[in-house]
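The next block holds one structure in the form of structure tokens; read it before the comments.
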Amino acid sequence: VSTVLLFFFAGKLSVTSSMHAVRVNGFPCKDPMAFPGLNTLGISLARIDYGPLGVNTPHIHPRATELLTVLEGTLYLGFVTSNPNRLFSRVVKKGDVFVFPKAMIHFQMNLAHDKPAAALSSLSSQNPGVISIANAVFGSNPPISDDVLATAFQVEKKLIDWLQSQFWENNHY
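In the working numbering, the protein residues as written are 30 to 202.
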């Protein structure tokens with residue numbers, strides 16, 4: 030049965046009440062039944078709230094391009110291209126829009142020491158996926174061999190072992 034409620038999702042993009050470093054309180058539509066109106070449309074939306082100096086750590090969306098609109102505050106953001114790994118970054122403010130190409134490593138940081146920031150993330154997929162770089166490299170289960178990572182990062186294995194021992198789940202929230 031078609032109804033207008035299939036195309037409406039109440040209150041999920043409202044400001045979060047507790048301010049963490051970064052809080053994504055919107056949603057990529059991983060379950061089309063949560064918001065049936067998005068099913069097959071190839072889009073999703075999330076609101077991102079950043080605490081003072083909050084960082085949305087480097088991550089990728091393997092199935093989507095992201096369009097970020099700053100709602101409040103000032104953000105430093107950027108993405109890194111594939112080889113030769115060129116960084117495209119800038120400082121953006123309220124009303125500015127920035128695009129992160131599909132599957133490129135990207136990040137955002139609230140530059141304010143004393144006030145929050147907020148942005149609206151529009152993604153070109155109903156299921157964009159998200160892979161946190163730090164989580165994937167240092168928090169995989171089972172872990173990537175410390176020999177492999179020590180060689181890749183050109184550091185001692187004891188540093189890799191320490192990094193792998195940290196709590197990596199949702200480290201960008």
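Ideal placement from N, C-alpha and C gives every residue a C-beta, glycine not left out.
Treat the numbers as computed from the prediction; the structure is a model and nothing was measured.
Inter-residue Cα distance where the pair is residue i and residue j
i: Pro172; j: Leu67; result: 36 Å
i: Leu192; j: Phe182; result: 12 Å
i: Ser161; j: Pro87; result: 6 Å
i: Thr110; j: Ser118; result: 11 Å
i: Phe167; j: Val33; result: 44 Å
i: Asp78; j: Ser169; result: 27 Å
i: Ala179; j: Ala163; result: 15 Å
Whether residue i touches residue j by CB criterion (8 Å)
i: Leu116; j: Gln137; result: no
i: Asn156; j: Arg76; result: no
i: Val271; j: Val99; result: Nothing can be reported for residue 271, as the shown portion of the chain is limited to 30 through 202.
i: Leu152; j: His90; result: yes
i: Pro130; j: Thr103; result: no
i: Leu210; j: His142; result: Nothing about residue 210 can be read from this structure; the chain reaches only from 30 to 202.
Residue environment, residue i, which counts as buried when at least 16 other CB atoms sit within 10 Å
i: Leu70; result: exposed
i: Glu185; result: exposed
i: Asp190; result: exposed
i: Asn114; result: exposed
i: Phe196; result: exposed
i: Ala165; result: exposed
i: Ser154; result: buried
i: Leu97; result: buried
For residue i, the residue or residues it bridges with in DSSP
i: Arg92; result: According to DSSP, which records beta bridges pairwise, Arg92 is partnered with nothing at all.
i: Ser161; result: His88
i: Gln137; result: Asn85 and Leu106
As assigned by DSSP and simplified to three states, the class of residue i
i: Asn170; result: coil
i: Phe196; result: coil
i: Leu188; result: helix
i: Thr32; result: coil
i: Leu70; result: coil
i: Phe129; result: strand
i: Phe117; result: strand
i: His201; result: Only weak support exists for where His201 lies, its pLDDT of 48 falling under 50; the value from the coordinates is given anyway. The answer is coil: DSSP assigns His201 none of H, G, I, E or B.
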